[in-house]
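Engineer: Handing you this structure, nothing more for now.
2 protein chains.
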Amino acid sequence: MNPVLDGIAPSIIRAINARKRPGDIDLGLGEPTIRPDPCPFDAATAWVRENGLPYTPNAGFARLRAQVAEYVGLPERTASDNAVITVGSEEALYLALKAAIDPSRDEVLIVEPCYLAYPKLCVLEGIRHRMVAMDPADDFCPSAARVLDALGPDTRMIVLNTPNNPTGRVWPESELRALADGLTARPGEPVRVLSDEVYRELYFGEAAPVSIGALWPHALVAGSLSKSNALTGLRLGWLVGDAKTVAAATKVHQLVNTAASTFSQVVAMEIFADRATLAAHRPHYAGQRAKLEGWMREAGLRWAPIEGAFYCMVRLPDHLAADSLAAAEALLERHRVLATPGVAFGDSGEGWIRLSWVAEPDDLRAGIERIARFFAEG
Amino acid sequence: MNPVLDGIAPSIIRAINARKRPGDIDLGLGEPTIRPDPCPFDAATAWVRENGLPYTPNAGFARLRAQVAEYVGLPERTASDNAVITVGSEEALYLALKAAIDPSRDEVLIVEPCYLAYPKLCVLEGIRHRMVAMDPADDFCPSAARVLDALGPDTRMIVLNTPNNPTGRVWPESELRALADGLTARPGEPVRVLSDEVYRELYFGEAAPVSIGALWPHALVAGSLSKSNALTGLRLGWLVGDAKTVAAATKVHQLVNTAASTFSQVVAMEIFADRATLAAHRPHYAGQRAKLEGWMREAGLRWAPIEGAFYCMVRLPDHLAADSLAAAEALLERHRVLATPGVAFGDSGEGWIRLSWVAEPDDLRAGIERIARFFAEG
Chain A
10 MNPVLDGIAP
20 SIIRAINARK
30 RPGDIDLGLG
40 EPTIRPDPCP
50 FDAATAWVRE
60 NGLPYTPNAG
70 FARLRAQVAE
80 YVGLPERTAS
90 DNAVITVGSE
100 EALYLALKAA
110 IDPSRDEVLI
120 VEPCYLAYPK
130 LCVLEGIRHR
140 MVAMDPADDF
150 CPSAARVLDA
160 LGPDTRMIVL
170 NTPNNPTGRV
180 WPESELRALA
190 DGLTARPGEP
200 VRVLSDEVYR
210 ELYFGEAAPV
220 SIGALWPHAL
230 VAGSLSKSNA
240 LTGLRLGWLV
250 GDAKTVAAAT
260 KVHQLVNTAA
270 STFSQVVAME
280 IFADRATLAA
290 HRPHYAGQRA
300 KLEGWMREAG
310 LRWAPIEGAF
320 YCMVRLPDHL
330 AADSLAAAEA
340 LLERHRVLAT
350 PGVAFGDSGE
360 GWIRLSWVAE
370 PDDLRAGIER
380 IARFFAEG
Chain B
10 MNPVLDGIAP
20 SIIRAINARK
30 RPGDIDLGLG
40 EPTIRPDPCP
50 FDAATAWVRE
60 NGLPYTPNAG
70 FARLRAQVAE
80 YVGLPERTAS
90 DNAVITVGSE
100 EALYLALKAA
110 IDPSRDEVLI
120 VEPCYLAYPK
130 LCVLEGIRHR
140 MVAMDPADDF
150 CPSAARVLDA
160 LGPDTRMIVL
170 NTPNNPTGRV
180 WPESELRALA
190 DGLTARPGEP
200 VRVLSDEVYR
210 ELYFGEAAPV
220 SIGALWPHAL
230 VAGSLSKSNA
240 LTGLRLGWLV
250 GDAKTVAAAT
260 KVHQLVNTAA
270 STFSQVVAME
280 IFADRATLAA
290 HRPHYAGQRA
300 KLEGWMREAG
310 LRWAPIEGAF
320 YCMVRLPDHL
330 AADSLAAAEA
340 LLERHRVLAT
350 PGVAFGDSGE
360 GWIRLSWVAE
370 PDDLRAGIER
380 IARFFAEG
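So the protein lines, in turn, are chains A and B. To convert a position in the first sequence, counted from 1, into the working numbering, add 9. To convert a position in the second sequence, counted from 1, into the working numbering, add 9.
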């Protein structure tokens, strides 16, 4: 067996999810509960009747690649050869690390709190990596200075995620610009930024989040239709960047799974043909967020500003803050609410729990009330 | 960039395919031209209306895993935890190599002629590998003795493919038994066999091909619905084996792409619910094969026995046999027939060209006639 697998810890999220009983309130789930529009599926089924279901080119249908590259919209990187269609954004992250990093030489710097697949993929690929934490005392506010200070002589890639899981924070343009300026000023080989933008459509400020790719030519952007369109099971994602890196990523993609599902690609082309559908669920999330904030305020909770995605980091009271895993276990055991311990997103998440607020409003409200009661217990 | 990518040669198949012009007869294609049954797609679309499209568990729906494990039917390995659902058989091959091999220690032995993704995946993963050729003088007849003779002290896995691409040969039970007996007799850690059985349903003898997994407990079987059901674009495959290795493969699968398409999995469950549909295309291929053999006999070609799959290795005449790539290029240039040079499947394929006989009968017949004319030229 491959010994690197022993070095990959089982998921804390999965472990606590496995303890859920029927009737528990689930604020742990990382996927939309809203129903997707079935119309693109009807269209794709009609397409199968007409065309069968052959392979697409390895990198995906040229039309879809062009739609995606144009949608992501990185300056001078909007042609079909700037995008490869992947099996969800997860594969895009894998391809970026596998293709762009030389494991014998390069180091990757990962911004946390984060989805722990980033460091686990590095372990799987034998890539040296370090974590750089955003400040919990500052509610995990994105900070270019922290990232720039953490760069080492071998750092060749920074992995960041905006809008962020688990914090709900969005990297503002000013901080992204500071990051790009800092990287520009750095001598030697440019440091790439791998930007996971899978929550790109779920933002609650006035303007859409800016991508580091708009400001830094050495960026790779991962994304998918999973969260915007409630299509996690479609497994349709992308990696967008310079054509040379996209070609290298495609070489890996071809070897590891040939191509993404043709059916999923036809569904995606239907969706991109009416791009407004990508933003169609945003009002739903904005309404849910407003309710959530009202209930949390009423309950006296403290939370990090929710600027995007569908998560919220809630600060544990002092008597629980030393062990978020124990707190989440007690919350589930005694109050039957499933929340994710902050430590599941890196050491900097200790002292917090993450709520996923995609549940039904009644469940969400009851969950908040129970959390407040739990916090108030001695 | 990752320097291993430089060591992976571009595909010869792809290069010659790129030279095809409109109107050329395509006997190069590696996928069915028959149309798939659209009914499972209607059912899956109805399922989306009812259920949305959430993630499945990482290893796939438990029901589908059980259906697949039972279908593959390895003794004592027919439970759901003996199968992981993958993005085509290609991902199954990748997962088997990635999870089961220790690149610092183990060597892989690959039976050729073969699909060259096997050695390329080894290069991608930094896995030492050697090729062992079946004898061209014996029409690539599967030989356990050749494989057993080639085992080295560090060999920990044998990769074989039956029914075979490109040779059309099927490993007979007697040779598989000889292989299993030889492996049983070998002292030390057991050598795994990774058996690519993606053409499992396409056989032309009386009995279905036997799997090495029926005779050897340390086998891993890769397969998919791509060829049997003309669903290459579904990207729905599997790896079946002992539960421990399947769990390790699932750990990799989870990190590299989370899970296979939920939609594709629902389609697959529909297909497995009426398992006869997996064999439904066999009479079509049997009929096409009979026609092909008649035309090749008439044209005076020499070919290796076609026992399975939808390929045929045709021997080049002496004046062309030294360079199958040049022969295939000349055939395309002068007679407008695309065939794949045998060398694209390993050194042992030199002196042959592979015909894929999924084309329309008129095209196939015309292609054979043109090949005969080409062979007859001085």
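The beta-carbon is built from N, C-alpha and C at its ideal position, and this holds for glycine as well.
List the endpoints of the continuous alpha helix (DSSP H) containing B:V323.
Structural biologist: Where B:V323 is concerned, there is no enclosing alpha helix (DSSP H), although the beta strand (DSSP E) it sits in stretches over 320-324.
Engineer: Compare the C-alpha of B:A27 against each of B:A368, B:L341, B:V367, B:L264 and name the closest.
Structural biologist: Out of B:A368, B:L341, B:V367, B:L264, B:L341 has the C-alpha closest to the C-alpha of B:A27.
Engineer: With 7 Å as the limit, tell me which residues of the stretch 99-111 of chain A have their beta carbon closer than that to any beta carbon of chain B; keep them in chain order.
Structural biologist: Listed by position along the chain: E99, E100, Y103, K107, A108, A109, I110, D111.
Engineer: Taking A:P47 as the reference, give the member of B:D46, B:A53, B:P49, B:C48 with the closest Cα.
Structural biologist: A:P47 has its Cα closest to that of B:A53, out of B:D46, B:A53, B:P49, B:C48.
Engineer: With the cut-off set at 9 Å, would you say A:W366 and A:L301 are in Cβ contact?
Structural biologist: Yes, the Cβ-Cβ distance between A:W366 and A:L301 is below 9 Å.
Engineer: Return the first residue and the last residue of the beta strand (DSSP E) that A:L373 is part of.
Structural biologist: Element bounds for A:L373: not the beta strand (DSSP E) but the alpha helix (DSSP H), 370-385.
Engineer: Name, please, each residue of chain D whose Cβ falls closer than 8 Å to the Cβ of B:I17.
Structural biologist: In the displayed structure, chain D is absent; the protein chains listed are A and B.
Engineer: Mind reading off the beta-carbon distance from A:G6 to A:C150? Whole number of angstroms is fine, and I expect it under 8 Å.
Structural biologist: The requested residue 6 of chain A does not occur in the structure, where chain A is confined to residues 10 to 387.
Engineer: Excluding sequence positions up to five away, which residues of its chain have a Cβ less than 7 Å from the Cβ of A:E316?
Structural biologist: Within the same chain, A:E316 has close Cβ partners P172, G177, R178, V179, Y212, F213, G214.
Engineer: Where does B:E116 fall in DSSP's three states?
Structural biologist: B:E116 falls in the strand class under three-state DSSP.
Engineer: Identify each residue in the stretch 69-97 of chain A for which the Cβ-Cβ distance to at least one residue of chain B is less than 9 Å, and report them in chain order.
Structural biologist: Listed by position along the chain: T95, V96, G97.
Engineer: Hey, is B:P47's beta-carbon within less than 9 Å of any beta-carbon in chain A?
Structural biologist: Yes, B:P47 counts as interfacial toward chain A.
Engineer: Is B:P350 helix, strand or coil by DSSP?
Structural biologist: Three-state result, B:P350: strand.
Engineer: Please work out which residues of its chain come closer than 7 Å, Cβ to Cβ, to B:L224, disregarding the five sequence neighbours upstream and downstream, and give them in chain order.
Structural biologist: Result list for B:L224: L185, R186, A189, in chain order.
Engineer: Quick check on DSSP: helix, strand or coil for B:L83?
Structural biologist: Strand.
Engineer: Tell me the residue span of the alpha helix (DSSP H) that contains B:W247.
Structural biologist: Taken as a continuous stretch (DSSP letters only), B:W247 belongs to no alpha helix (DSSP H), being part of the beta strand (DSSP E) at 246-249.
Engineer: Does the CB of A:Y64 have a neighbour CB from chain B at under 9 Å?
Structural biologist: By this cut-off, A:Y64 is an interface position.
Engineer: Work out the CA separation of B:T87 and A:L160 for me, nearest whole Å.
Structural biologist: Rounded to whole angstroms, A:L160 to B:T87 spans 50 Å at the Cα level.
Engineer: Taking DSSP's pairing of strands, which residues face B:I34 in a bridge?
Structural biologist: DSSP output for B:I34 lists B:V346 as bridge partner(s).
Engineer: Would B:K236 pass as an interface residue toward chain A - the criterion being a Cβ-Cβ separation below 9 Å?
Structural biologist: It does not: the Cβ of B:K236 has no partner Cβ on chain A nearer than 9 Å.
Engineer: Answer with buried or exposed for A:G32, where buried requires no fewer than 16 other C-beta atoms within 10 angstroms of its C-beta.
Structural biologist: Exposed, by the Cβ-count rule.
Engineer: Beta carbons nearer than 7 Å to chain B: which residues of the stretch 24-55 of chain A have them?
Structural biologist: Cβ contacts with chain B: E40, R44, P45, P47, F50, D51, T54.
Engineer: Mind pulling the chain A residues with CB within less than 8 Å of B:P12?
Structural biologist: By Cβ distance, chain A contributes D111, S113.
Engineer: If you check the beta carbons only, do A:V168 and A:V96 fall under 9 Å apart?
Structural biologist: In this structure, A:V96 does not lie closer than 9 Å to A:V168 by Cβ.
Engineer: Counting only Cβ-Cβ distances shorter than 8 Å, please list the residues of the stretch 127-138 of chain B near chain A, keeping chain order.
Structural biologist: The stretch 127-138 of chain B vs chain A, Cβ under 8 Å: K129, L130, L133.
Engineer: According to DSSP, simplified to helix, strand and coil, what is A:M143?
Structural biologist: Correct three-state label for A:M143: coil.
Engineer: Alpha carbon to alpha carbon, how far is B:I362 from B:E307? Give it in angstroms, no decimals.
Structural biologist: Rounded to the nearest angstrom, the two C-alpha atoms are 18 Å apart.
Engineer: Buried or exposed: A:A18, going by 16 or more other Cβ atoms within 10 Å of its Cβ?
Structural biologist: Burial call: exposed.
Engineer: Residues in the same chain with beta-carbon distance under 6 Å from A:P49, minus the five sequence neighbours each way, listed in chain order, please.
Structural biologist: Closer than 6 Å at the Cβ level, and outside the excluded window around A:P49, lie V276, E279, I280.
Engineer: Of the residues that make up the stretch 208-240 of chain B, which ones have a beta carbon closer than 8 Å to any beta carbon in chain A?
Structural biologist: The residues in question are A239, L240.
Engineer: What is the residue span of the beta strand (DSSP E) that B:T164 lies within?
Structural biologist: It spans 164-170 - the beta strand (DSSP E) in which B:T164 sits, taken as one unbroken run.
Engineer: Between B:D35 and the rest of its own chain, which residues show a CB-CB distance below 7 Å, the 5 nearest in sequence each way excluded?
Structural biologist: K29, L347, A368.
Engineer: Is the Cβ of A:L243 closer than 9 Å to any Cβ of chain B?
Structural biologist: Cβ-Cβ to chain B under 9 Å: yes for A:L243.
Engineer: Closest to A:P350 by C-alpha separation, out of A:A288, A:A109, A:N174, A:A68, would be which residue?
Structural biologist: Among A:A288, A:A109, A:N174, A:A68, the Cα nearest to that of A:P350 is on A:N174.
Engineer: Answer yes or no: do B:V207 and B:S235 have a C-beta to C-beta separation smaller than 9 Å?
Structural biologist: Yes, the pair counts as a contact, with Cβ atoms nearer than the cut-off.
Engineer: So B:Y64 and A:G232 are supposed to be a Cβ contact under 8 Å. How far apart are they, rounded?
Structural biologist: With a Cβ gap of about 17 Å, B:Y64 and A:G232 do not count as contacting.
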